[in-house]
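S.K.: Pasting a structure below so you can have a look.
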Amino acid sequence: MNNKFRLLILWITCFQFFSGSAQETNNYKAKLAPTPPMGWMTWNFFGTNINEKMIHEMADAMVHSGMVKAGYNHIMIDDGWQGGRDNKNNMIPDPEKFPSGIKALADYLHAKGILLGIYSDAAQLTCAGYTASLGFEDQDAKTFASWGVDYLKYDYCHAPEDSFTAKIRYKKMADALRKSGRDIVFSICEWGGRQPWFWAAEAGGQLWRTTDDIRDSWKSLMYNMEINADLDRYSSPGHWNDPDMLIVGLDGNKGPSGDLGGKGCSAIEYQSAMSLWCIMASPLIATHDVRNMSDDTKRILLNPEAIAIDQDVLGLQGSRKINTKTWNVFVKPLANGDYAIAILNKSNESQEADLNFKDLGLEGNFVARDIWQYKDLAEKSTFHALVLSHETKLLRLRKAP
Ligand code: GLA
């Protein structure tokens, strides 16, 4: 064999090795969170006031109310579960809040078809001042895996501000999770300050917060939507922009969201929250008291046709085609060739919407299905309707034959 030939063989072997491992990485990424994660998180209603009894009750309520069946298949325990480390530096839960341990809780949830999420932080302490994972990434990832954890939200309080350090710290935990022997979805939560949409997927995240913490108010909803709306090109199956939890059903109650300026929204505004999160393919993570849901909360959170738009397997975040002081219009292509459209009236008065589908790049006639009315409208190339102040019309357009 001459040298040139040997070199060629070596080159081909290297190429196969590296493209093989790249393939493996892509498969791994696509396997986790192929559609935006859905579930319920403890934070915005309960803060750190959490315990296993409440979580059992919440799991039961999620099953009985139909939330699990509708797709809300995670319970995420946010900050406040930690009880420090044992004499081998293994993280332990607070023994008063979780006397049976996290493994028993995971078993309880798994038996009901619910996956378990947990929370830590890329520093020594979490945002609420509890034990966090910096320097213990491998050990903590193994602990979480041994408990049966399926999802980790990883916060960034008490960590340096620069994005270089953030990338390193997030990658460290992502690698640790990957080596843990369990599939664990990794949710990056540095609030958008270091523009994670540019680097979080590469660091190993399946979703990343794009915004600061949401509050239970229209102003906060619009603020988070505004930031998230123009990031559509960074979202894809396995990699989601996360504008924070769904505020639907918080109803102005006490809790971190309320205490920090959220006084509640009207039913029309909560319906807009759901419509906008669905058109933006956002994670659908509720955070209200599931045990006491109003009829409006159920109607909004459980609408199967809205959820289907969010969970569509094509995995495209809707793009904002119209952005004026009054109107925001989004278009989201769907896997079966349909298009979802959201038409938001941001103004404080009811307005007549007069839309030509052609202006959104959609030629021809469509049957528009009104997702909140469960009703097909007559086949047309236009949409005309009164849209109430802060209302969002959510439509699914089917091309006329
Ligand atoms: C940060 C996060 C919130 C929540 C709290 C917990 O503020 O952004 O979503 O997890 O920490 O302390």
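For the sequence shown, this note's numbering begins at 960 and goes up steadily by one. Backbone N, C-alpha and C define an ideal beta-carbon position, used for all residues, glycine too. Predicted model only: the values in this text are computed from it and were never measured.
1. With a CB to CB cut of under 7 Å and the five nearest residues on each side skipped, what residues in its chain are close to F1004?
2. By DSSP's criteria, I1034 is part of a beta bridge. Which residues make up the other side?
3. Using only the heavy atoms of the ligand GLA, determine whether one of them is closer than 7 Å to the beta carbon of D1053.
4. Within a Cβ cutoff of 6 Å, which residues of the same chain sit near D1097, ignoring the five residues on either side of it in sequence?
5. Contact defined as beta carbons within less than 8 Å: I believe A1162 pairs with Y1129. What is the distance between those atoms, to the nearest angstrom?
6. Given a threshold of 16 other Cβ atoms within 10 Å of its Cβ, counted over all protein chains shown, does E1149 qualify as buried or as exposed?
7. Between the C-alpha atoms of V1027 and E1016, what's the straight-line distance to the nearest angstrom?
8. Taking the alpha-carbon positions, what's the F977 to T1170 distance?
9. Whose C-beta lies closer than 6 Å to the C-beta of V1288 among residues of the same chain, with five residues either side of it excluded?
10. Could you give the C-beta distance for D1109 and L1074, rounded to a whole number, given that I count them as a contact under 8 Å?
11. Which residue marks the beginning of the alpha helix (DSSP H) containing V1290, and which one marks its end?
12. Looking at D1254 and the ligand GLA, is the gap between the Cβ and the nearest heavy atom below 7 Å?
13. Compare the beta carbon distance of T994 and G1274 with 8 Å and say whether it is the shorter of the two.
14. Verify the contact flag: W1002, CB atom, against every heavy atom of the ligand GLA, threshold strictly below 7 Å.
15. Taking contact to mean at least 3 C-beta pairs separated by less than 8 Å, is the segment 1310-1321 in contact with the segment 1246-1265?
16. Compute every distance between the C-beta of W1167 and the non-hydrogen atoms of the ligand GLA, then say whether any falls below 7 Å.
17. Quick test of the definition: if touching needs 3 or more C-beta pairs under 8 Å, does the segment 1266-1273 touch the segment 1303-1313?
M.R.: So, from the data block:
1. If you number the sequence shown from 1, residue 1004 lands on position 45. L1209, N1212, G1214, T1246, H1247, D1248.
2. One-based indexing of the sequence shown puts residue 1034 at position 75. By DSSP's assignment, I1034 forms a beta bridge with W999, L1075.
3. Residue 1053 sits at position 94 when you count from the first residue of the sequence shown. D1053: no, Cβ never under 7 Å from the ligand GLA.
4. Looking up residue 1097 in the sequence shown gives position 138. Non-local beta-carbon contacts of D1097 in its own chain, meaning distances under 6 Å to residues more than five positions away in sequence, involve A1135 in chain order.
5. One-based indexing of the sequence shown puts residue 1162 at position 203. One-based indexing of the sequence shown puts residue 1129 at position 170. Their Cβ separation, rounded to whole angstroms, is 4 Å, which keeps A1162 and Y1129 in contact under 8 Å.
6. Here residue 1149 corresponds to residue number 190 of the sequence shown, with the count starting at 1. So E1149 counts as buried.
7. As a position in the sequence shown, residue 1027 is number 68, starting the count at 1. As a position in the sequence shown, residue 1016 is number 57, starting the count at 1. Counting only the Cα atoms, E1016 lies some 14 Å from V1027.
8. One-based indexing of the sequence shown puts residue 977 at position 18. One-based indexing of the sequence shown puts residue 1170 at position 211. Confidence at F977 is low in this model, with a pLDDT of 37, below 50, so the placement of that residue is unreliable and no value is reported for it.
9. Position 329 of the sequence shown, counted from the first residue, corresponds to residue 1288. Exclusion of the five residues before and after V1288 leaves K1280, I1281, I1302 as the residues of its chain whose Cβ lies within less than 6 Å of its Cβ.
10. To locate residue 1109, count along the sequence shown from 1; it is residue 150. To locate residue 1074, count along the sequence shown from 1; it is residue 115. Their Cβ separation, rounded to whole angstroms, is 4 Å, which keeps D1109 and L1074 in contact under 8 Å.
11. Sequence index remark: in the sequence shown, residue 1290 carries index 331 (1-based). Not the alpha helix (DSSP H): V1290 falls in the beta strand (DSSP E), residues 1286-1292.
12. The residue labelled residue 1254 in the question sits at position 295 within the sequence shown. No; taking the cut-off as 7 Å, the Cβ of D1254 has no heavy atom of the ligand GLA nearer than that.
13. Here residue 994 refers to the residue found at position 35 of the sequence shown. Here residue 1274 refers to the residue found at position 315 of the sequence shown. It is a contact, given that the beta carbons lie within the stated cut-off.
14. Against the sequence shown, residue 1002 aligns to sequence position 43. Correct: W1002 has its Cβ closer than 7 Å to the ligand GLA.
15. Note that the segment 1310-1321 does not touch the segment 1246-1265; fewer than 3 beta-carbon pairs, one per stretch, sit closer than 8 Å.
16. Residue numbering aside, residue 1167 sits at position 208 when the sequence shown is read from its first letter. Because no heavy atom of the ligand GLA lies under 7 Å away, the Cβ of W1167 does not count as near it: no.
17. With fewer than three CB-CB distances shorter than 8 Å, the segment 1266-1273 does not count as touching the segment 1303-1313.
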